[in-house]
Structure formats: C-alpha cells, structure tokens
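K.L.:
I have a structure I would like to understand better, so I am pasting it below and will then ask my questions one at a time.
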Amino acid sequence: FAQSFNSIVSFPPLLSSLATYSIGGVFFPFADFNVKLTAIVLIIILTWINTKGIKTGAGVSTAILILVFAGIFIIVAGAFGTGHVDISRSFEMETTNNSPVTVSAIFTAMLAAFWGYQGWATVGYVGGEIKDPRKNIPRGIVIGVFTIIALYMLVNATYLSLLPIPALEQIYHSGNKIAAVEAVRSFWGQNGALFISFLILITTLGCTNATILASSRPYFAMAREGLFFSPVAKLNKAHAPANSLIYQCIWACLLVLSGTFDQLTDMIIFAVFIYYGATTLGVFILRRKMPAAPRPYKVWGYPIVPAVVILFCAVLIVNTIFSRPREAAIGVALMLTGVPAYFWFRKNNMVTKDKAES
Numbered sequence: 006f007a008q009s010f011n012s013i014v015s016f017p018p019l020l021s022s023l024a025t026y027s028i029g030g031v032f033f034p035f036a037d038f039n040v041k042l043t044a045i046v047l048i049i050i051l052t053w054i055n056t057k058g059i060k061t062g063a064g065v066s067t068a069i070l071i072l073v074f075a076g077i078f079i080i081v082a083g084a085f086g087t088g089h090v091d092i093s094r095s096f097e098m099e100t101t102n103n104s105p106v107t108v109s110a111i112f113t114a115m116l117a118a119f120w121g122y123q124g125w126a127t128v129g130y131v132g133g134e135i136k137d138p139r140k141n142i143p144r145g146i147v148i149g150v151f152t153i154i155a156l157y158m159l160v161n162a163t164y165l166s167l168l169p170i171p172a173l174e175q176i177y178h179s180g181n182k183i184a185a186v187e188a189v190r191s192f193w194g195q196n197g198a199l200f201i202s203f204l205i206l207i208t209t210l211g212c213t214n215a216t217i218l219a220s221s222r223p224y225f226a227m228a229r230e231g232l233f234f235s236p237v238a239k240l241n242k243a244h245a246p247a248n249s250l251i252y253q254c255i256w257a258c259l260l261v262l263s264g265t266f267d268q269l270t271d272m273i274i275f276a277v278f279i280y281y282g283a284t285t286l287g288v289f290i291l292r293r294k295m296p297a298a299p300r301p302y303k304v305w306g307y308p309i310v311p312a313v314v315i316l317f318c319a320v321l322i323v324n325t326i327f328s329r330p331r332e333a334a335i336g337v338a339l340m341l342t343g344v345p346a347y348f349w350f351r352k353n354n355m356v357t358k359d360k361a362e363s
C-alpha cells in the first residue's frame, strides 16, 4: 500500500541523510522512510477503525473485496481485449542467465507467493466470533483458498503474458517499480498504470485491515489464558479487544521500521511453515493418543495428506535456511524469544492463581 501510494503522490524524501544508517548491517530503519511512514500511519488508522467493533472492521474488508474482484476482472479483460497478450510466455521456463530452473529456485520463489495465501490461517483466529464455526470455518478456508488460487493464476498468467522475464528482472532490481503496474502500463499507458496503482492501494488496504482485525485475536486469547499481559484480555465498549489491537499496532510499526517488505514476508512465511508442519504433526499425535476424541472435522486423506504437508513444510524450511540464511536466522530468533516469554507468563499466572486460592 505504502509503496503504491508514494508512487502516485510524490513527497519530498524524509530523513534521506539517515537512509544508510543500519543496526548491525541488517536493519535499515530509515531507508525508504516515506514508504515506511505511510505504512505506519495506515496501521494506526486501521487499528483505530477496528477498535470500533468487528462489524465495522469486517464491513470495510467486505466493501474492499468487492472492489478488488471488479478491478482484477477489468484488468484481465482489458489485457486480452487489446491483443497485447502472448499467453505462451506464461509457460516459458526461462532465466535471464540461461541457468536451469531448479527445485530450490521454485521453493525460494514460493516464499513471496505464499504471502498471498496467508489469510487462510487467520480464519481460525476469529473462530469465537463466527456463527456455527464447526461448519463455517472449514467451508471458509476451502472456498477462500481455491478462490485465491484461481485469481492468483489468472492475474499472474496475464502479467507474464505481457512482460518477458528479463523485463520482470529489471523491474525487481529497480527497487521502486511494481510488476503489475508496468504490465498494465504496457497496454493501457499512463492511465492504466494509475488505475492499477489505485487497485493495488485498495487491495493492500483490504489485506492490511483483515490482518489487523484477525491477528489481534490470538493476543487476546493468550491473555485470557494467562499467557500474555493481563490488560490485553479486556474488551472495550464496542466488545473489541482494543488493548490487543494497540499492542499489535505498536509491534507492527516496529516491524515496518526493521526492514523491507520482502524481508518481512520471507521471515513470516519461513516461521509460519514451521508452525504449519508442527501443527500437522499434531494430527498424527492426537489420532494416536486420543483416538476416541470427538472430531467435528477430520483431515481428508489421512494419513497421506498430512504426511505430504509435513514433507512439503520440511523441504521449504530447509531450502530457506540455505537460500535465505539471514531471513531464516532472524525468523528463528524471533520465534525463540517466545520460549522464555511463555515460561515467564506461565509462572506468573500460576503465582496469581495460588494467591487467589489462598
């Protein structure tokens, strides 16, 4: 959102003299500071909106989703209608230096691609606020994932049909260009570039809003279980976890300053696939230890499907360690900080319970 906004509305560079300042040569908090400041302002505004209740936040996301769907189909129809599309490009296995396309390269590329699918897991975060969650959560995940797959393939086939691989590489290395914008510019000119820029603004706005809405719920649930700061467990007058939203807002703003968007998404995807693999392994453990436990939903294709998921997660994790060692190391370090925090909160919670009982 912030990158697209700054490409449409030009502002003089802020703190440009500090752009090269780094923390340990890894984090550059003032690089692209205009973009980061825009992102921080957006996070604060959307956090405030979501403190007004889930209906307000969900309503914003629904309205944005309708606009996004309409915009995507307009772009795809426009691209094919102008005759600029060469669909054969979508199936080319080409690299700019004529090197082979390896399995490792495909898994590395998936780190960024999987960010587009990350919303499937957040459905469960708001399970306590969904009607008939046993039925609607699995349904929502299945419909949502397959819808995103269809849209993702449709949009990427369009972009790849418009721009050759060398052009995409140049866009990537430019640092301040977006492939989608340049693809639409190729057949609709500057007006098309402006349209897709606004569509990206709307799309990322909806993604950010939905993420803020859903991701604040785990902190709230943790606090209720005594595994996080107790004020985070409180609801405001609109029955929204306002304190959890505020805590999340502060942490998100710090993450924005910590690095680039690509760095953050690579770290996130690496970390979450460790959790996905561990969670899927839990299916095997629970089936063995608690075979008679009531299960409203059972994994389809057990044990083959969960075994394939675990194998995929393991390959992605190992590949990331070798292809993105810095992002992997930071991701693991952030995860490990949760271990002492868990035991500290657990100990304090037990002390509080003992005092209450005595």
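Each residue of the sequence shown is one higher than the last, beginning at 6 in my numbering. Yeah, the Cβ is synthetic: ideal placement off N, Cα and C, and Gly gets one too. All values derive from a computational prediction rather than experimental measurement.
1) Only counting the same chain, and skipping five residues up and downstream in sequence, which positions put a Cβ closer than 6 Å to that of residue 364?
2) Could you check the C-alpha separation between residue 236 and residue 256 for me, to the nearest Å?
3) Given that a residue counts as buried once 16 or more other Cβ atoms are within 10 Å of its Cβ, and exposed if not, what is residue 311?
4) Residue 107 lies in the alpha helix (DSSP H); which residues open and close that run?
5) Closest to residue 209 by C-alpha separation, out of 273, 120, 293, would be which residue?
6) When we look at the beta-carbon of residue 195 and count the other beta-carbons within 10 Å, is it buried (16 or more) or exposed?
7) Whose C-beta lies closer than 6 Å to the C-beta of residue 301 among residues of the same chain, with five residues either side of it excluded?
8) If we count Cβ pairs, one from each stretch, closer than 8 Å, do we get three or more for the stretch 286-298 versus the stretch 258-273?
9) Going by C-alpha to C-alpha distance, which of 132, 162, 151, 157 sits closest to residue 409?
10) Any idea if residue 107 is buried or exposed, counting beta-carbon neighbours within 10 angstroms, 16 or more meaning buried?
11) Helix, strand or coil for residue 265 per DSSP?
12) At what residue ranges does the stretch 97-175 contain a whole run of the alpha helix (DSSP H), taking only runs of 4 or more?
13) Taking only three categories from DSSP, how would you classify residue 301?
14) Run the CB neighbour count on residue 363, radius 10 Å, all protein chains shown included, and call it buried at 16 or more, exposed below.
15) Rounded to the nearest angstrom, how far is the Cβ of residue 354 from that of residue 231, given a contact under 8 Å?
16) Classify residue 360: buried if its beta carbon has 16 or more other beta carbons within 10 angstroms, exposed otherwise.
17) In this structure, how does DSSP classify residue 41 when only helix, strand and coil are distinguished?
18) For residue 335, collect the residues of the same chain with a Cβ closer than 7 Å to its Cβ; drop the 5 residues on either side in sequence, then sort them by chain order.
19) Cutting at 7 Å between CB atoms, please list the residues of its own chain near residue 167, excluding the five before and the five after it.
20) Kindly indicate which three-state DSSP category residue 232 falls into: helix, strand or coil?
21) Below 8 Å on the Cβ atoms is my contact criterion, and I expect residue 241 with residue 56 to pass it. Report the Cβ-Cβ distance as a whole number of Å.
22) Can you find at least 3 beta carbon pairs, one from the stretch 272-282 and one from the stretch 64-75, that sit closer than 8 Å?
23) Is there contact here, the stretch 305-321 with the stretch 277-284, by at least three beta-carbon pairs under 8 Å?
24) The alpha helix (DSSP H) that contains residue 243, what's its start and end?
P.N.:
Let me spell this out:
1) Examination of residue 364 is not possible in this model, given that the chain is present from 6 through 363 alone.
2) 16 Å
3) buried
4) That residue, residue 107, is in no alpha helix (DSSP H); it is neither H nor E in DSSP.
5) 120
6) exposed
7) 139
8) no
9) Because the chain in this structure spans residues 6 to 363, residue 409 falls outside the shown range and cannot be described.
10) exposed
11) coil
12) 108-118, 124-127, 138-167
13) coil
14) Because the pLDDT of residue 363 is 46, which lies under 50, any placement of that residue in the model is unreliable, and the number read from its coordinates should be weighed accordingly. Exposed is the call here.
15) 3 Å
16) Interpretation of residue 360 is limited by its pLDDT of 47, a score under 50 that renders its predicted location unreliable; the figure taken from the coordinates is listed afterwards. Result: exposed.
17) helix
18) 272
19) 84, 89, 90, 188, 191, 192
20) coil
21) 6 Å
22) no
23) yes
24) Element bounds for residue 243: n/a, residue is neither H nor E.
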